[in-house]
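Q: Plus 5 on top of the position in the sequence shown (first one is 1) and you've got this note's numbering.
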Amino acid sequence: MNRFSDAINVNYKHKGISSTALCPGYTVTEFHTASGTQEQMDKVPGFLKLDARRVAREGIDAMLQRKSLCIPGKRYRFLVFMMNYFSFLIRLGSNALTGGRYKRN
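#1: Determine the DSSP secondary structure at T32, reduced to helix, strand or coil.
#2: Alpha carbon to alpha carbon, how far is T38 from A101? Give it in angstroms, no decimals.
#3: Can you check which of these residues, V15, C75, G41 and Q43, is closest to T25 by C-alpha distance?
#4: If we ignore side chains and look at the alpha-carbon of each, how far apart do T32 and R8 end up?
#5: Between the C-alpha atoms of N14 and Q70, what's the straight-line distance to the nearest angstrom?
#6: For the region 84–100 against the region 56–73, are there 3 or more C-beta pairs whose distance is under 8 Å?
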């Protein structure tokens, strides 16, 4: 989605159209219960979870400022920065903290 948002911004800027890719991280909503993924969400450490209102507020602010990318929360911005330089170590640590996305057979 980030590249799609970038493409919209490049191709339609002259028409006043912009796009903001919101990368919300682990956001606490009722989606996880409704989709049957609440058990996985419960394994995520609390310090990684963000409040939905905060994510929405930061996303709207970024959109109004015509930013192409919004990463809510200092923790996630730091993680993204680190992933750009130490991606393998961050993925290894993330899987250790959250148990990974899929169960191992």
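Quick reminder that beta carbons are idealized off the backbone N, C-alpha and C, glycines included.
A: According to the structure shown:
#1: In the structure shown, T32 sits in a strand (DSSP, three-state: E or B).
#2: Using only the alpha carbons, I get a separation of about 23 Å.
#3: Closest by alpha carbon: C75.
#4: If I take the Cα positions, the gap works out to 22 Å.
#5: Looking at the two C-alpha atoms, the distance is approximately 13 Å.
#6: These segments do not touch.
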